[in-house]
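Heads up: the sequence lines are chains A and B, in that order.
Numbering of the first sequence is given in the working numbering, commencing with residue 18 and proceeding in unit increments.
Numbering of the second sequence is given in the working numbering, commencing with residue 6 and proceeding in unit increments.
Cβ coordinates follow ideal geometry from the N, Cα and C atoms, glycine included.
Notes to accompany the following structure.
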Amino acid sequence: MPTPLHSEAREEERERQAGFACRVFCCAGTACLSAEGEAVWESLIDARATHGLKDKVDLVRTGCMGLCSKGPLVRVEMADVAPCLYGPVSAMFARLIMTEHVAPALARGDEFIRPEFLASQALPSDLAFFAQQKRVVLSRIDRADPERITDALAHGAYVALAGALEKQPQALIDELQASGLRGRGGGGYPTGQKWANAAGTEADRRFVICNGDEGDPGAYVDRSILEGDPHAVLEGMLLSGYAVGASHGYVYVRAEYELAVRRVRCAIEQAREQGLLGDAVMGSDFAFDCKVFTAAGAFVCGEETALIASIEGQRGTPRPRPPYPSECGLWGCPTVISNVETLANVPRIIEQSAAWFRSIGTADSPGTKVFSMAGRARLAGLVEVPMGTKLSTVVDSLGGGTKTGRPVRAVQIGGLSGGLVPAEQLDTTLSYEAMSELGSIVGSGGMIVLDDNDDLLDLARFFLQYAVEESCGRCAACRIGTHQLLNLATKIREEGATDDDLVLAERLSETMQATSLCGLGKAAPRTLMSFLRNWSDLVPRKETSTGGDA
Amino acid sequence: MKVIDTVAGRHSGSRADSGLLEALHGLQAEHGYVPRQEAMALSRRLSVPLARIFEVLTFYSYFRLEEPGRITLSVCDGTSCHLQEGPVLLNALQELLGIKPGEATADGAYQLNVVRCLGCCSCSPVLMVDDKVYSHVEPTDLPRIMKKHPPIVNKESNDDAHSTA
Numbered sequence: 018m019p020t021p022l023h024s025e026a027r028e029e030e031r032e033r034q035a036g037f038a039c040r041v042f043c044c045a046g047t048a049c050l051s052a053e054g055e056a057v058w059e060s061l062i063d064a065r066a067t068h069g070l071k072d073k074v075d076l077v078r079t080g081c082m083g084l085c086s087k088g089p090l091v092r093v094e095m096a097d098v099a100p101c102l103y104g105p106v107s108a109m110f111a112r113l114i115m116t117e118h119v120a121p122a123l124a125r126g127d128e129f130i131r132p133e134f135l136a137s138q139a140l141p142s143d144l145a146f147f148a149q150q151k152r153v154v155l156s157r158i159d160r161a162d163p164e165r166i167t168d169a170l171a172h173g174a175y176v177a178l179a180g181a182l183e184k185q186p187q188a189l190i191d192e193l194q195a196s197g198l199r200g201r202g203g204g205g206y207p208t209g210q211k212w213a214n215a216a217g218t219e220a221d222r223r224f225v226i227c228n229g230d231e232g233d234p235g236a237y238v239d240r241s242i243l244e245g246d247p248h249a250v251l252e253g254m255l256l257s258g259y260a261v262g263a264s265h266g267y268v269y270v271r272a273e274y275e276l277a278v279r280r281v282r283c284a285i286e287q288a289r290e291q292g293l294l295g296d297a298v299m300g301s302d303f304a305f306d307c308k309v310f311t312a313a314g315a316f317v318c319g320e321e322t323a324l325i326a327s328i329e330g331q332r333g334t335p336r337p338r339p340p341y342p343s344e345c346g347l348w349g350c351p352t353v354i355s356n357v358e359t360l361a362n363v364p365r366i367i368e369q370s371a372a373w374f375r376s377i378g379t380a381d382s383p384g385t386k387v388f389s390m391a392g393r394a395r396l397a398g399l400v401e402v403p404m405g406t407k408l409s410t411v412v413d414s415l416g417g418g419t420k421t422g423r424p425v426r427a428v429q430i431g432g433l434s435g436g437l438v439p440a441e442q443l444d445t446t447l448s449y450e451a452m453s454e455l456g457s458i459v460g461s462g463g464m465i466v467l468d469d470n471d472d473l474l475d476l477a478r479f480f481l482q483y484a485v486e487e488s489c490g491r492c493a494a495c496r497i498g499t500h501q502l503l504n505l506a507t508k509i510r511e512e513g514a515t516d517d518d519l520v521l522a523e524r525l526s527e528t529m530q531a532t533s534l535c536g537l538g539k540a541a542p543r544t545l546m547s548f549l550r551n552w553s554d555l556v557p558r559k560e561t562s563t564g565g566d567a
Numbered sequence: 006m007k008v009i010d011t012v013a014g015r016h017s018g019s020r021a022d023s024g025l026l027e028a029l030h031g032l033q034a035e036h037g038y039v040p041r042q043e044a045m046a047l048s049r050r051l052s053v054p055l056a057r058i059f060e061v062l063t064f065y066s067y068f069r070l071e072e073p074g075r076i077t078l079s080v081c082d083g084t085s086c087h088l089q090e091g092p093v094l095l096n097a098l099q100e101l102l103g104i105k106p107g108e109a110t111a112d113g114a115y116q117l118n119v120v121r122c123l124g125c126c127s128c129s130p131v132l133m134v135d136d137k138v139y140s141h142v143e144p145t146d147l148p149r150i151m152k153k154h155p156p157i158v159n160k161e162s163n164d165d166a167h168s169t170a
């Protein structure tokens with residue numbers, strides 16, 4: 018429901034944009050910035066000044082546009098013409114975009130024909146990478162400036178909140194439960210159920226935590242959302258807070274995500290100025306404020322009870338559940354802890370209804386999922402597809418196969434907590450139910466495409482090494498198990514496997530999966546085990562003197 | 006001491022140690038690491054035993070107990086970088102600087118670290134210099150990148166700095 022705040026923001030944006038005949042969007046996600054994106058931005062500003070177009074051309078820095086492997090990306094938008102996306106853009110090419118595209122197009126109007134040398138660096142407008150996506154969570158990320166709240170407001174941020182504040186909290190809980198939204202961080206627990214549990218537990222204080230401790234190597238979904246649309250996450254937290262009766266929130270972000278930390282802090286400050294956070298949210302009697310908590314580099318803190326311990330100033334070790342945080346969390350109070358992408362879904366559901374959300378995805382996994390595709394994928398970056406999309410669609414159509422031209426051997430999904438999906442099973446759909454049947458998970462959204470030159474056993478060792486270093490040491494299954502499994506994997510890689518080694522690996526991984534305290538120990542054996550089970554022909558075997566086959 | 010005072014002011018009383026991570030982040034931002042003297046001062050200020058502080062300090066890999074080099078070079082070893090020449094980049098840096106990961110050059114100019122996934126997986130291999138991320142880094146790019154981050158040279162250690170960089 019649009020409020021005076023929104024009308025004002027829209028009016029302000031309209032006034033700001035009124036004189037602009039052209040808008041040039043420049044991606045300011047970490048990936049593009051790392052590829053000299055800063056120089057591209059400066060070059061655009063400089064070239065605009067050279068042509069005296071400051072009043073005619075609007076320059077906007079946005080969140081991640083998605084196609085990170087072609088970054089830095091620049092998009093030119095003019096009325097009545099299809100938007101044009103360029104990439105990779107160098108500082109010099111950025112100048113050319115302004116000189117040879119924007120300036121002459123504005124001068125000549127319909128008679129402008131884009132020179133051939135520019136077209137060669139433009140990405141086709143019907144690129145499957147974009148055309149086959151369904152953008153719900155990422156709807157605003159490539160068009161609004163994450164550091165200017167009026168831009169976010171003009172694009173519909175906090176509209177859901179305004180509507181929600183007119184309703185009873187229970188109505189929100191019912192709506193979210195009806196939507197079937199499940200946690201996007203890995204666990205897949207129904208978010209509405211968490212809300213109901215937290216609201217139903219007697220307490221003086223309740224808390225909302227955003228879990229942005231995205232530690233899985235290969236995943237950068239949460240980082241991109243925090244950087245590109247921090248207001249969606251804040252709005253999700255506000256809605257959670259209103260639904261369960263919490264007045265404080267924490268955004269827990271990895272310290273390594275420097276840009277994300279900065280953008281979220283900036284968003285919180287601007288939201289406070291607009292009265293969206295504080296003692297009277299949007300003039301209502303609902304009070305809510307939140308702050309950023311920077312993590313300190315412990316993978317296990319992605320586990321919710323460890324994360325809570327870390328905010329409390331303790332070592333980040335998990336504790337047995339139940340009780341779940343929704344009943345007994347931060348400082349013993351009921352706490353709703355949700356992943357970044359989950360929270361970004363919440364405002365969309367509240368605004369557009371549970372039924373709408375259920376119209377996307379599958380019955381058991383409604384909605385979309387954002388994946389960060391990397392590895393050997395030809396087109397790598399951030400993609401959002403409906404749940405239930407075939408893995409092969411994402412890898413072959415959106416990703417365009419491998420950049421090496423070699424056949425795909427496997428796709429590693431869900432980072433440390435996931436597993437390897439063999440090329441023969443790429444027809445599997447991306448949904449909680451289908452992935453768990455394969456012994457993998459949708460997880461944090463990391464998706465690494467591997468070709469037939471990649472050493473899967475080395476990859477399995479890499480994950481185990483990671484698990485050894487990140488195991489918090491609290492339970493023996495994980496502390497000792499990860500070490501032993503790493504030794505075994507190293508031995509198999511160097512000397513070849515005996516039958517006993519394979520039996521031992523199987524038993525060890527079963528024990529770890531059954532007895533580890535948290536997800537780290539349970540998941541650590543997954544990649545090795547999916548390798549040993551699916552690629553028995555690639556497992557190096559040890560010649561035995563008794564004549565066992567090699 | 007300023008950091009400690011702000012944090013201690015916010016978290017006094019029964020939940021004194023809840024501000025611990027925040028205080029440690031503050032100390033590290035100020036000094037580049039958490040000096041033992043400062044940890045002891047923090048212990049007195051928050052009335053939290055020193056052992057409790059070190060228990061936390063040593064658990065989290067982000068906190069450093071020793072003074073790092075002035076410029077921090079972090080090589081990403083996430084899945085994507087690991088597969089795509091990340092280890093080659095690390096070797097090149099080790100050779101160039103003559104140090105191993107976790108070490109600083111003798112003149113204190115450069116610190117070499119290996120980090121877990123910086124989340125730039127589509128741009129592997131990735132190198133972070135202080136807070137600036139560089140993508141698709143080839144060993145031949147290293148001199149150019151390092152030239153952009155000249156270590157602030159102390160007058161007395163001027164000669165040393167040049168010999169390593």
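Against chain B, with Cβ distances strictly below 8 angstroms, would residue i count as a contact?
| i | result |
| --- | --- |
| Tyr483 (chain A) | yes |
| Arg496 (chain A) | no |
| Glu321 (chain A) | no |
| Glu94 (chain A) | no |
| Cys85 (chain A) | yes |
| Gly330 (chain A) | yes |
| Val267 (chain A) | Per the sequence shown, the amino acid found at residue 267 (chain A) is Tyr instead of Val. So, not an interface residue. |
| Glu29 (chain A) | no |
| Ala397 (chain A) | yes |
| Gly392 (chain A) | yes |
Once you ignore the five residues that flank residue i on each side, which residues in its own chain have a CB closer than 6 angstroms to its CB?
| i | result |
| --- | --- |
| Trp552 (chain A) | none |
When you compare the CB of residue i with every CB in chain A, is at least one pair closer than 8 angstroms?
| i | result |
| --- | --- |
| Asp146 (chain B) | no |
| Val120 (chain B) | yes |
| Phe59 (chain B) | no |
| Gly91 (chain B) | no |
Any idea if residue i is buried or exposed, counting beta-carbon neighbours within 10 angstroms, 16 or more meaning buried?
| i | result |
| --- | --- |
| Leu22 (chain A) | buried |
| Asp112 (chain B) | buried |
| Phe146 (chain A) | buried |
| Ile130 (chain A) | exposed |
| Asn362 (chain A) | buried |
| Ser448 (chain A) | buried |
| Ser540 (chain A) | Strictly speaking, residue 540 (chain A) in this sequence is Ala, with Ser absent from that position. Result: buried. |
| Asn504 (chain A) | exposed |
| Asn356 (chain A) | buried |
| Asn228 (chain A) | buried |
Just the Cα atoms here: how many angstroms apart are residue i and residue j?
| i | j | result |
| --- | --- | --- |
| Arg157 (chain A) | Glu252 (chain A) | 14 angstroms |
| Gln150 (chain A) | Val412 (chain A) | 12 angstroms |
| Leu50 (chain A) | Gly349 (chain A) | 41 angstroms |
| Asp72 (chain A) | Gly36 (chain A) | 6 angstroms |
| Ala315 (chain A) | Leu293 (chain A) | 32 angstroms |
| His30 (chain B) | Phe310 (chain A) | 10 angstroms |
| Val142 (chain B) | Arg543 (chain A) | 31 angstroms |
| Gly232 (chain A) | Cys122 (chain B) | 8 angstroms |
| Gly54 (chain A) | Ala45 (chain A) | 7 angstroms |
| Ile150 (chain B) | Ile366 (chain A) | 45 angstroms |
Give the residues of chain B in contact with residue i, contact being defined as C-beta atoms less than 7 angstroms apart.
| i | result |
| --- | --- |
| Glu275 (chain A) | Asp136 |
| Ser568 (chain A) | This structure cannot settle anything about residue 568 (chain A), because the visible part of chain A is limited to 18 through 567. |
Which same chain residues end up closer than 7 angstroms to residue i when comparing Cβ atoms and leaving out the 5 residues on each side of it in sequence?
| i | result |
| --- | --- |
| Cys492 (chain A) | Ser533, Leu534, Gly538 |
| Thr167 (chain A) | Ala26, Glu29, Glu30 |
| Gly490 (chain A) | Arg496 |
| Gly392 (chain A) | Ile465, Val466, Leu467 |
| Asp469 (chain A) | Arg423, Pro424, Arg426 |
| Pro342 (chain A) | Glu321, Thr322, Ile325, Thr352, Ile354 |
Give the interface partners of residue i over in chain B, defined as CB-CB distance under 8 angstroms, in chain order.
| i | result |
| --- | --- |
| Leu50 (chain A) | Val138 |
| Gly432 (chain A) | Thr84 |
| Thr47 (chain A) | Leu123, Gly124, Cys125, Val138 |
Between residue i and the rest of its own chain, which residues show a CB-CB distance below 8 angstroms, the 5 nearest in sequence each way excluded?
| i | result |
| --- | --- |
| Phe282 (chain A) | For the record, residue 282 (chain A) in the displayed sequence is Arg; it is not Phe. Once the five neighbours on either side are set aside, the close Cβ partners of Arg282 (chain A) are Val309. |
| Thr84 (chain B) | Cys122, Cys126 |
Is residue i near the ligand HEM, going by C-beta to nearest heavy atom under 7 angstroms?
| i | result |
| --- | --- |
| Ala56 (chain B) | With respect to the ligand HEM, the structure offers nothing, as it holds no ligand at all. |
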